[in-house]
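Encoded as C-alpha cells, the structure appears first; notes follow it.
2 protein chains.
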Amino acid sequence: MTRFLLLLLLPALASCRILTSGDILSNEINDDDCNLPEALITEIRSFEETANTIMNSILNGKFKGATFSELAEFVDTFGARVSGTKNLENAIDYVLDKMKSNNLENVHGEEAWVPHWVRNEETAQIILPRNINLPVLGLGGSVSTPKGGLEADAIVLNTFEQLDTENVTGKIVVFNEDWVSYAVTVKFRSKGASEAAKRGAVATLIRSVTSFSMSTLHTGWQQYEDGITAIPTASITKEDALLLQRIQDRQQRIRIKLNLQYTRYNDSLSRNSVAEIQGSLDPQKVVLVSGHIDSWDVGVGAMDDGGGAFISWYALVVLKQLGLRPRRTMRAVLWTAEEPGLVGWSAYNASHFHELDNFTFVMESDEGTFTPLGVEYAAGTEGGCIIKEIVKLLAPINATRAVASARGVGSDISSWTESLIPGASLLNANERYIWFHHTQADRMEVLDPDNLDKATALWAVVSYIIADLSEDFPRSRNVSN
Amino acid sequence: MTRFLLLLLLPALASCRILTSGDILSNEINDDDCNLPEALITEIRSFEETANTIMNSILNGKFKGATFSELAEFVDTFGARVSGTKNLENAIDYVLDKMKSNNLENVHGEEAWVPHWVRNEETAQIILPRNINLPVLGLGGSVSTPKGGLEADAIVLNTFEQLDTENVTGKIVVFNEDWVSYAVTVKFRSKGASEAAKRGAVATLIRSVTSFSMSTLHTGWQQYEDGITAIPTASITKEDALLLQRIQDRQQRIRIKLNLQYTRYNDSLSRNSVAEIQGSLDPQKVVLVSGHIDSWDVGVGAMDDGGGAFISWYALVVLKQLGLRPRRTMRAVLWTAEEPGLVGWSAYNASHFHELDNFTFVMESDEGTFTPLGVEYAAGTEGGCIIKEIVKLLAPINATRAVASARGVGSDISSWTESLIPGASLLNANERYIWFHHTQADRMEVLDPDNLDKATALWAVVSYIIADLSEDFPRSRNVSN
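Now the structure itself:
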C-alpha cells in the first residue's frame, strides 16, 4: 500500500479508535496493523534478557515490595501533601534527599509558584423538612459563605439546562447529576458554581463525582468563570443528593444552612522534584517518567498519585542499581501542585520550552496503579507498533496490551501528548479508581505491593527500551511507514 | 430404605450440611433427598396460581416499587431509630398508624424495656510518632474516658492470645485482627474490651469488622464481662489499624489521645409492632414474618433492617389487599431494640412463651434484601423438602434455592429456630452486606426497588403457603418420613 493511499484511509481508521469507556479493546493495536522494519523488531526483541532482569529484580529479587514499603513510609510520615503547605515542601525535601541517597543523577528541585487554599470549617444542615446533618466537602478554590453561614431554600437540578427553566435566584442549587463517566460528569464539579451563579444562585452543592459511594465525599478543583460572582461550592454524598431529590419529588420545601469557611493564601513557592540517569550517547535527549507528589487534603494521596510518583522514581532507582544506563537520558519528574490545575507542570513546561524538541517520549501514571495491563499511548501508528512490540516483553507480568488514546494521555503531560510529543500512561485495572478519587479513602490500602512491583517493572522496561533504542522514537502521528 | 436405616445415616448426612462461608451450595437440598407424600406435593403445586398472582401484583402490578418508596419515605422522615429514643417511638407510631390504614388486623404495639445509650463526643488523635487525626466510632454500651480524655501508649495486637505474651498494662490496645468472617471476627468487637481490661489495658480500639473499607467506621454492640473493669472501646477504620500496625512494625512508639463521652440512660419503654391477617380456620396458629425497626445511630438503617422490616410488613399488606386469608394467622412483628442485643424479641418471647407451641413457622430477614435467591431454613429434612417444593413456585423471580442452616436462622428468631420452631431467613446475594453494616453508608442507596419487590414477593408467597397448608408444618428435626 502506498503511503498516499494509506493517508487517505487514515481518518476512517482513526475514527475506529476513539476511546470509549469500558471498551478500550477496540483501540488495541494488532500486529496486523503494523509494518515495522525487521531490524527494529529484532532490536526490540534483543532487550528481552534485560527486560527479564529488570522484572525479576523487582518481582523476585532485591526490589521486591520496595515501591509499596517506601510509599507507605512516605505517606505514613507526611500524610496529605497539599499545594502551598510546608508539609508538602518537607515531603519534597525528603524525596530529594532519598533520590540523592539512591545515587540518582542531577537530583534537584525546580521552583514553581503554586496556589494555597485551605479549608477551615465546613458544616451544613438540612433544616427543612426536618433537621438532618449534611456532610459537605468544599471544592478546591471555593470562596467562603458569610461568617456564620448562609441559609436559603434549595432546589435540586439534574442538568445545566434546567438552570434556564427553573428559578434559582437566591437559592442553593443542588446538582444531582447522574454519573456517566468522569470526563462527562466532572463539569458539574468544575463549572457548576459559575453556571448557577449566572442565574443568581447563592451557593452550589454538587453530588460527588463517582460511580459508587459509601457515603463518600469527593473533593476536586473547580474553576470560577471570569466576571461571574464567585459563590461557595461544596460536594455532598451521592446518598444525600438522592435524599434531597426524593424530598423535592415529594413536593416538600428544602431549606439548608451552610457554613463554609476557607482561606486562599498568596501563592507560594514549591518544587518539581527531578532525578536522572544521564544518557550514555545522547544525554540531551530525554525520556521522561512522572507522577505527582501533591495530594488533596482528604486521605493521604496514596493512590492519587503516590503510586504514580513512586513507580516513576523507583523505575530509575532499579535501573541505576542494575547498572543500566541507556543511550538517552532518563528523567523522573515528580510534579508538584497537579491537583489545583497542573500548576507544577505548567511552570516546568515554561522553563523547559526550549528543550521540548529533545523530549523523545513522556510518560505519566496518574490513573491508578492497580493490576497493570500494559500501556495507553498517544504515539501514532508507527509509535503504537513500536510500543506493541515492546510490551510483548512484558508477558512475564501479563501486561502486554497497547491501547491507542484518541487524544493525549496523562494529566500533567496531556498538553504535550495532545500535541506532538509521543507519550504513554499506565493501563491498569482501575475500574474502582473513581471510588477513592479525592476522598478520605485514598489510603495505602487501595494499593497492593505486588501490583506496585509490576507497575514499577513495566514502567522501567518500557522507558528504558525507548531511551536506549538506536533510532529516536518517531514523532510523526498517524503515519505508518 | 427403612426409617431405622435412615436414622443411622443421618449424622453423616447432616455433617455434609454444615454451612460454610462462601459455599452454601453444599447445604442445598435436592429433590433426591426428599420423599414427600404425593398429596402434599400436589397441594403445594396447587398454590402456583396464587403465587403468580402475588408475584405479579408486586412485580408488575399495583404494588410495584411500593416497598422501596414506603421505606424511603420512612427513613427520610425519621432517619436513624436508636433504641431508647423518642424518635424510635415516633417511628413506631407512624408504622402502627400505617398498618391500621392498610386494614391489617389486630394492629398494636407490645411493650418492651430497652437500653438507651447515646454518643456525645468522640475524638482521637495519634500524637506519636506524629499528629494524625484518628476517626473513631464508639461501640454500643461503651463507658466514657475520663472527662477531657485519656492519653496512653498504644500497642497493636492481632489475636487475644497476644494479650498473654505482651505487656498491655496501662496501654490502649489496638486490635488489628484479620477479617475472616463476621461470625469469627466479631469477637474482637464484642469481647475485646473485657479481654484487654483483664490484663490492665485502659482502652481498646478495634479495627472495624468488615471485609472491605473505604475509610469506613463500623459500630456494634459490645458486652462487658461481669466483674471485669469496663474500659472505653471504639472502632477505628481498617486503614488506620493497618497504619498503626506499620508504625509499630517500624519500632516507632505510638501514643494516642482518646476522648470518648457517652451516656447510658435508664432503660425506657419501647414497643414491638404487630399486625396480623387472622387465620380462617386455625387462627390460634401463627406464621410469623419479621425484621427489626430500630437501627444504629450512624446511617439510617435502610439495609439493617429497614428492608427486612418492610418486606415483612408489606408481605401482609399485599396478601390483605389481594383478599388472601390463609388457614392460620399470619403475623408481622417489627422488633424493637434488636441492635442492643435482641431486647425487643426477648420481651416478646417472655410474654408469648405460653403461645410458642402454636408458632407454626417463624421468618426473619436481617441479613440484607439484595437480589433474593431463595430461603435459608432451619426446619429438618422433611421441612426442608416442603420448602424446596414451595420455592419452586418462585421460578418467575429466580429465587428457588433452599439452603439448610446448620444452626438456627435469623437474629431475633435465632433462639427459636435453634430449638424446635422451624423457621427461615431470606437467602440473598448479600456479599456486600458487611461493607455497609453498622456504618454511615447504610442508606437507601444500598437497596434496589426491584430487589425489594422480589423480596416482598418471596416473603409473601412462602409465608402464605405455609400458613395455608392443610397439615401443620412439621416440627420434628432431622427426621425424614
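These protein sequence lines map, in sequence, to chains A and B. For the first sequence, UniProt numbering gives the first residue as 1, with consecutive numbering after it. For the second sequence, UniProt numbering gives the first residue as 1, with consecutive numbering after it. All C-beta atoms, glycine included, are put in the ideal place defined by N, C-alpha and C.
Using the rule of at least 16 other Cβ atoms within 10 Å of the residue's Cβ for burial, across every protein chain shown, is residue i buried or exposed?
i, result
"Asp93 (chain A)", "exposed"
"residue 482 (chain A)", "Absent from the structure is residue 482 (chain A), since the part of chain A shown begins at 1 and ends at 481."
"Gln440 (chain A)", "buried"
"Leu469 (chain B)", "buried"
"Asp357 (chain B)", "exposed"
"Ser101 (chain B)", "exposed"
"Pro422 (chain A)", "buried"
"Gln222 (chain B)", "buried"
"Glu338 (chain A)", "buried"
"Pro37 (chain A)", "exposed"
"Asn35 (chain A)", "exposed"
"residue 500 (chain B)", "A question about residue 500 (chain B) goes unanswered here, because the residues of chain B that appear run from 1 up to 481."
"Tyr464 (chain B)", "buried"
"Ile172 (chain B)", "buried"
"Val82 (chain B)", "buried"
Relative to the alpha-carbon of residue i, which residue among the options has its alpha-carbon at the smallest distance?
i, options, result
"Leu288 (chain A)", "A:Ala424, A:Arg199, A:Gly408 and A:Ala350", "A:Ala424"
"Pro396 (chain A)", "A:Ile58, A:Val95, A:Asp297 and A:Phe436", "A:Ile58"
"Phe78 (chain A)", "A:Asp450, A:Arg443, A:Lys454 and A:Ala455", "A:Arg443"
"Arg331 (chain B)", "B:Gly323, B:Leu316 and B:Gln321", "B:Leu316"
"Pro146 (chain B)", "B:Asn133, B:Tyr314, B:Thr263 and B:Trp113", "B:Thr263"
"Glu466 (chain B)", "B:Val391, B:Asn430 and B:Pro340", "Per the sequence presented here, residue 466 (chain B) reads as Ile, with Glu not at that position. Checking every option, the nearest Cα to that of Ile466 (chain B) belongs to B:Val391."
"Trp113 (chain A)", "A:Tyr265, A:Arg327, A:Val461 and A:Glu364", "A:Tyr265"
"Arg328 (chain A)", "A:Thr360, A:Asn35 and A:Glu355", "A:Thr360"
"Asp305 (chain A)", "A:Gly65, A:Leu40, A:Asn52 and A:Phe74", "A:Phe74"
"Glu471 (chain B)", "B:Leu281, B:Glu177, B:Ala193 and B:Lys191", "B:Leu281"
"Ile254 (chain B)", "B:Asn428, B:Leu394 and B:Gln125", "B:Gln125"
"Gly291 (chain B)", "B:Gln278, B:Glu418, B:Gly301 and B:Ser215", "B:Gly301"
"Thr71 (chain B)", "B:Asp448, B:Glu367 and B:Lys285", "A small correction: the amino acid at residue 71 (chain B) is Leu; Thr does not occupy that position in the sequence shown. Ranking the options by Cα distance to Leu71 (chain B), first place goes to B:Asp448."
Name the two residues that bound the continuous beta strand (DSSP E) containing residue i.
i, result
"Ser415 (chain A)", "No beta strand (DSSP E) contains Ser415 (chain A), which is instead part of the alpha helix (DSSP H) from Ser414 to Glu418."
"residue 506 (chain A)", "Residue 506 (chain A) lies beyond the residue range present for chain A, which begins at 1 and ends at 481; the question has no answer from this structure."
"Phe359 (chain B)", "Phe359 to Glu364"
Would you list the one or two residues that DSSP bridges to residue i?
i, result
"Leu117 (chain B)", "Note on residue identity: the sequence assigns Trp, not Leu, to residue 117 (chain B). BP columns for Trp117 (chain B) point to B:Arg264."
"Tyr377 (chain A)", "A:Ala404 and A:Ala424"
"Arg331 (chain A)", "A:Glu276 and A:Leu288"
"Ala154 (chain A)", "A:Ile172"
"Arg207 (chain B)", "B:Ile236"
"His108 (chain B)", "B:Val274"
"Trp221 (chain A)", "A:Gly140"
"Val28 (chain B)", "Note on identity: in this sequence residue 28 (chain B) is Glu, with Val being the wrong assignment. Glu28 (chain B) pairs with B:Val403."
"Asn133 (chain B)", "B:Gln125"
"Asp282 (chain B)", "B:Arg328"
Can you tell me whether DSSP reads residue i as helix, strand or coil?
i, result
"Ala395 (chain B)", "helix"
"Gln162 (chain B)", "helix"
"Tyr94 (chain B)", "helix"
"Pro372 (chain A)", "strand"
"Gly22 (chain A)", "The pLDDT assigned to Gly22 (chain A) is 45, lower than 50, so where the model puts this residue is not dependable, and the model offers no usable value."
"Ala302 (chain B)", "helix"
"Glu445 (chain A)", "helix"
"Ala124 (chain B)", "strand"
"Trp296 (chain B)", "coil"
"Ile472 (chain A)", "According to the sequence as given, residue 472 (chain A) is Asp; it is not Ile. Coil at Asp472 (chain A), not helix or strand."
"Phe436 (chain B)", "helix"
"Trp459 (chain A)", "helix"
"Gly149 (chain B)", "coil"
Tell me where the alpha helix (DSSP H) around residue i begins and ends.
i, result
"Phe74 (chain A)", "Ala66 to Phe78"
"Ser351 (chain A)", "Val343 to Ser351"
"Leu139 (chain A)", "Run containing Leu139 (chain A): none; DSSP gives neither H nor E here."
"Met55 (chain B)", "Glu48 to Leu59"
"Arg45 (chain A)", "Glu38 to Arg45"
"Phe310 (chain B)", "Gly308 to Gln321"
"Ala193 (chain A)", "Lys187 to Lys198"
Please compile the residues from chain C whose C-beta is within a distance smaller than 8 Å of the C-beta of residue i.
i, result
"Leu334 (chain B)", "The structure shown contains no chain C; its protein chains are A and B."
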